[in-house]
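**Student:**
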Amino acid sequence: MEARARRWLAFSVALGLSIAGTLGVWLVGAPAAGVSTTKLPDLDQLVPTEVSVTAVPSTEPRFSLAFDSRIGNGRAASVGPLIVSGRRSGLSEPMVAEQALMNANGSETIRPAIGGLTYETSIDHAHWHYDDFDRYQLRRASDMSLVRPDNKTGFCMPDHLFTPDYCGSSNPNALEVREGLGRGYVDLYKANVEGQNIDVTGVPAGTYYLVHWANRDSSLCESNILNNVSATKLRLWPRGYGRAPYFRALEEVDTLPPPERQPRPSNCPLERKKPKVRVQFPRRQNVKRNKGIVAYARCSESCGVATTGRARVGGRAQKLIASQALGGKGRRIKALLPTTSASQRAILRSLRKGRPVSVKLTIRVRDRAGNDARPVRRTVIVLP
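Numbering (this note's numbering), first residue to last: 104 to 487.
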């Protein structure tokens, strides 16, 4: 992971030679119908590292899950810089953020009102943060339900090519701030710095995902929203709550399908062509053997596949655990819709009594630009 970060950082030097100045500024209008000449950033959330759980001194035992976070901007030649500016008319006014998109001719296209910037202070520095740039979550591994949110304060994007004053360092009275990430640049925030932790006091022993999610609300215009989530899978309290060792790392997940639907970036010059998808699945399936319902999808381009389903059991609907998967162009993507232990017991009990059980599937596909294919809905008959 460190080697990957260092390779990305090297590209920021080359980028500085290619953006010696701007020829003009344009406000965003209607998105182009075809491929845009605007070079969009491509935010890539890297895997959480330096994960630790520590006991926090207090009258009652408290525990904090801490971690480093890294967000990279893509290194492909087609990728543009991420540039965010903040402006306000007076000291009593909030700092409103806007995004500058770099056009092929060197001019900038401005996307106004994409959020805010907040002046934050810590032990070793004080500067302006772009709010909600990266969010952290602890989610249950079995169903990806949210267990604990973060308390992150925001990010300074410190590429010196765009912020020579280090995000308005030591200047709470600034009326304008500019910051950004060049092509190939990686922004690193160390564990326990300005909200780089999650309170896990009282969280039951079990298996969880520590999820890092860049640009979760799609405030920023970028070329690819399918690589915005990564995670570390871990086991909390392997010897019981509050007993050391407090956790065990199980797996690093470079790219995790978004656990919730991420909106499509608005007012963003992205291609609006919907992906084509072909779905295949056995119309009769054994949920006990498969540990759920299985479907397969092939996309005309890189895509994410989200599957939901409800089983009709004895006149009642049993909701199955939602499933997400990612895959490249033309590749076979397996979507497993797992059953909960309760729903599987209900299904098997109904089948033993000779009652038919069916599952209604809904499969949704979206591409890197956030374009959605038409949902595919099918019915599967469950076998005993």
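Even for Gly, the Cβ is constructed at its ideal location relative to N, Cα and C.
Quick caveat: nothing in here was measured; it's all calculated off a predicted structure.
Go to Arg415, then tell me how far its beta strand (DSSP E) extends in each direction, as first and last residue.
**Tutor:** Start and end: 406-416.
**Student:** Evaluate contact between the region 428-435 and the region 396-404, counting only Cβ atoms and requiring at least three cross-stretch pairs below 8 Å.
**Tutor:** Touching, yes.
**Student:** Give the straight-line distance between the Cα atoms of Pro478 and Asn370, rounded to the nearest whole angstrom.
**Tutor:** Going by the C-alpha atoms only, they are around 24 Å apart.
**Student:** How close, in whole Å, do the beta carbons of Ala334 and Val303 come, if the pair is a contact with beta carbons under 8 Å?
**Tutor:** So it is not a contact: roughly 15 Å between Cβ atoms.
**Student:** Does the region 311-327 touch the region 335-349, meaning 3 or more C-beta pairs lie closer than 8 Å?
**Tutor:** The region 335-349 vs the region 311-327: in contact.
**Student:** Going by alpha carbons, who is nearest to Gly44 out of Ile424, Ala200, Arg419?
**Tutor:** Given a span of 104 to 487 for the chain in the structure shown, any question on residue 44 remains unanswerable.
**Student:** State buried or exposed for Ser453, treating a residue as buried only when at least 16 other CB atoms are found within 10 Å of its CB.
**Tutor:** Burial call: buried.
**Student:** Taking the C-alpha atoms as reference points, what is the distance between Glu211 and Asp253?
**Tutor:** Those two C-alpha atoms are separated by around 34 Å.
**Student:** Under the DSSP definition of a beta bridge, which residues are partnered with His506?
**Tutor:** Residue 506 lies beyond the range of the chain shown here (104 to 487); nothing can be said about it.
**Student:** Tell me where the alpha helix (DSSP H) around Arg392 begins and ends.
**Tutor:** That run of the alpha helix (DSSP H) goes 390-393.
**Student:** Out of Thr266, Phe384, Val416, state which residue places its alpha-carbon closest to the alpha-carbon of Leu185.
**Tutor:** Closest by alpha carbon: Thr266.
**Student:** Would you grab the beta carbon distance between Leu168 and Asn300 for me? Rounded to a whole angstrom, and I think it's under 8 Å.
**Tutor:** 6 Å between Cβ atoms; contact.
**Student:** Does the pairing of the region 179-199 with the region 137-153 give three or more beta-carbon distances under 8 Å?
**Tutor:** As far as the Cβ criterion goes, the region 179-199 touches the region 137-153, which means the pair count is three or higher.
**Student:** Since Ala398 contacts Ile466 with CB under 8 Å, what's their CB separation in whole angstroms?
**Tutor:** That belief holds up - the Cβ atoms of Ala398 and Ile466 are roughly 6 Å apart, short of 8 Å.
**Student:** Could you tell me the boundaries of the alpha helix (DSSP H) in which Asp450 lies?
**Tutor:** Position check: residue 450 holds Ile in this sequence, whereas Asp was assumed. First-last of the alpha helix (DSSP H) with Ile450: 444-455.
**Student:** Hey, would you say Asp412 sits closer than 7 Å to Val462, going by beta carbons?
**Tutor:** For the record, residue 412 in the displayed sequence is Gly; it is not Asp. It is a contact, given that the beta carbons lie within the stated cut-off.
**Student:** Nearest to Leu194 by CA position, among Gln388, Ile213, Asn274, Arg367, is which residue?
**Tutor:** When only C-alpha atoms are compared, the closest one is Asn274.
**Student:** From the DSSP output, in three-state form, read off Met247 for me.
**Tutor:** Correct three-state label for Met247: coil.
**Student:** Are the CB atoms of Phe166 and Ala488 within a distance shorter than 7 Å?
**Tutor:** Outside the shown range of the chain, which is 104 to 487, sits residue 488, and nothing can be said about it.
**Student:** Should Glu282 and Val187 be called a contact, given that it needs their Cβ atoms to be closer than 7 Å?
**Tutor:** The answer is yes: Cβ separation under 7 Å.
**Student:** Taking C-alpha atoms, which residue in Ala216, Ala347, Arg319 lies nearest to Leu359?
**Tutor:** For Leu359, the nearest C-alpha among the options comes from Arg319.
**Student:** If distances are taken between C-alpha atoms only, which option among Arg286, Thr482, Val483, Val416 comes closest to Gly457?
**Tutor:** If we check each option's Cα against that of Gly457, Val416 comes out closest.
**Student:** Beta strand (DSSP E) containing Gln365: first to last residue?
**Tutor:** Where Gln365 is concerned, there is no enclosing beta strand (DSSP E), given that its DSSP letter is neither H nor E.
**Student:** Out of Gln388, Val460, Ser272, Phe384, point me to the one whose CA is closest to Arg480's CA.
**Tutor:** Residue Phe384 is the option with its Cα nearest to Arg480.
**Student:** Quick one: what's Cys324 bridged to in DSSP?
**Tutor:** Cys324 pairs with nothing; no bridge assigned.
**Student:** Quick check on this structure: which residue in Pro197, Glu196, Asn474, Ala207 has the alpha carbon closest to the alpha carbon of Thr140?
**Tutor:** It is Ala207.
**Student:** Between the Cα of Gly407 and the Cα atoms of Val332, Val289, Asp246, which residue gives the shortest distance?
**Tutor:** With distances taken between Cα atoms, Gly407 lies closest to Val332.
**Student:** Which residues does DSSP pair with Leu146 in a beta bridge?
**Tutor:** DSSP output for Leu146 lists Asn176 as bridge partner(s).
**Student:** Applying the 10 Å Cβ sphere with the 16-neighbour rule, what's the burial state of Ala203?
**Tutor:** Answer is buried; the Cβ neighbour count reaches 16.
**Student:** Verify whether the separation of the beta carbon atoms of Asn176 and Leu284 is less than 7 Å.
**Tutor:** Contact flag set, yes.
**Student:** Is there at least one Cβ from chain C nearer than 7 Å to Gly345's Cβ?
**Tutor:** Protein chains in the displayed structure number just one, and chain C is not present.
**Student:** Between the alpha carbons of Asp227 and Val296, how many angstroms are there, rounded?
**Tutor:** Rounded to the nearest angstrom, the two C-alpha atoms are 10 Å apart.
**Student:** Would you mind stating whether Cys324 and Arg190 have Cβ atoms separated by less than 7 Å?
**Tutor:** Cβ atoms of Cys324 and Arg190: not closer than 7 Å.
**Student:** DSSP three-state call for Lys422: helix, strand or coil?
**Tutor:** Looking at Lys422 - three-state DSSP - the assignment turns out to be strand.
**Student:** Where does Phe258 fall in DSSP's three states?
**Tutor:** Of the three classes helix, strand and coil, the one that applies to Phe258 here is strand, per DSSP.
**Student:** For a minimum of 3 consecutive residues, which ranges assigned as the beta strand (DSSP E) are wholly contained in the region 284-363?
**Tutor:** Correct list: 289-292, 300-302, 309-317, 332-339, 350-356.
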